[in-house]
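Everything in the sequence shown is counted per the numbering used here, starting at 52 for the first residue and increasing by one.
Down below is the structure, laid out as structure tokens.
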Amino acid sequence: MRLHWSPRSPFVRKVMIVLHETGLLDRVECERSVVVYAGDPNEKVLKGNPLGKIPTLVLEDGTALFDSRVICEYLDTLHSGLRLFPEEGQPRFRQLRWQALGDGMTDIQILWRNEEMRPGGPYVVITSAFDRKLRASFALLEQEASELEAIPFGIGHIAIICAIGQLDFRFLKSHWREAFPALAKWHAQVSQRPSVVRTEPEDDLSPLVVNGSFDDFVSPVNFLSVGR
């Protein structure tokens, strides 16, 4: 199998954590694929995924799977260990709910980052909504931190890890750990898993990566402030 991959994508990171956790890493070839929000689609990615997004997983028969939710659940059917996607009942929907929350938090951060780069400045009504939603999401996770710690590791945990990792990577000085200590305690523990350590996001020096104004991005997120 071949994975359209980037070391900076939080949704690609979800797939990579699943590959580590399921022991399937050696069955997938990672292909560095650059996709940008405001630019021409990557033709190689577009060939398999008409949305032009990563991650995209190309199977042995040429079928392309997308997005991260579909890819991760497919991979979870290819091993004999403990399922990251429980098969039924409350355990399954607990993990799916956390996955939806983590993915949504990541979406907000990506959209917010792009909004801040808008020529002439961001629309405040949009970024204010992002701020409230992200605060509310972290507040909910603070309440559920003990449950996150008690429940067997699954896809919901992975999505939340990737959302928090994106905040640490792209929104520096957010002070989320001071604002949400119970969540910070859980995150510190789960961050010791080899799959999490080995998939930390990073800026690569690939000549394929286009340098843009994001290099000078100043994070607007500060959880110790009230509002923006």
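Using N, Cα and C, we set each Cβ at its ideal position, and we do this for glycine too.
| Query | Result |
| --- | --- |
| With the cut-off set at 7 Å, would you say Ala-210 and Gln-160 are in Cβ contact? | no |
| Counting only runs that start and end within the stretch 109-193, where is the beta strand (DSSP E) found for 3 or more residues in a row? | none |
| Can you give, in chain order, each stretch of the alpha helix (DSSP H) that sits fully within the stretch 78-102 and has at least 4 residues? | 94-99 |
| Are Ala-214 and Thr-157 closer than 7 Å when you measure CB to CB? | yes |
| Need the endpoints of the alpha helix (DSSP H) that Leu-70 sits in, please. | 61-73 |
| At 4 residues or longer, what runs of the alpha helix (DSSP H) sit wholly inside the stretch 206-245? | 206-221, 227-230 and 232-241 |
| How is Leu-54 classed by DSSP in three states: helix, strand or coil? | strand |
| If you drop the 5 nearest sequence neighbours on each side, which residues of the same chain put their C-beta closer than 6 Å to that of Arg-120? | none |
| Along the alpha helix (DSSP H) that carries Glu-198, what are the first and last residues, could you check? | 196-201 |
| Give me the Cα-Cα distance between Glu-195 and Leu-218, rounded to the nearest whole angstrom. | 19 Å |
| Whole angstroms are fine: how far does the CA of Lys-224 sit from the CA of Pro-271? | 9 Å |
| Quick one: measure Cβ to Cβ for Leu-162 and Leu-126, integer angstroms, because I've assumed they're closer than 8 Å. | That pair is no contact at about 27 Å. |
| Looking only at its own chain, which residues have a Cβ that is under 8 Å from the Cβ of Met-52, when we skip the five neighbours before and after it? | Arg-78, Val-79, Glu-80, Leu-108, Val-109, Leu-110 and Glu-111 |
| Taking 6 Å as the limit between beta carbons, can you name the residues of its chain near Pro-61, skipping five residues before and five after? | Thr-157, Cys-213 and Gln-217 |
| Could you tell me which of Ser-131, Glu-139, Leu-129 and Pro-101 sits nearest to Asp-118, measuring between CA atoms? | Pro-101 |
| Would a C-beta distance cut-off of 7 Å place Leu-54 and Pro-106 closer than the cut-off? | yes |
| For Thr-107, which residues does DSSP report across the bridge? | His-55 |
| Exposed or buried, what is Arg-64 when buried is set at 16 or more other beta-carbons lying within 10 Å of its beta-carbon? | buried |
| Out of curiosity, what's the CA-to-CA distance linking Pro-258 and Ile-202? | Any reading at Pro-258 must be qualified, since the residue scores a pLDDT of 47, below 50, and its modelled position is unreliable; the value itself is stated next. Looking at the two C-alpha atoms, the distance is approximately 42 Å. |
| Alpha carbon to alpha carbon, what distance is there between Ile-206 and Leu-133? | 12 Å |
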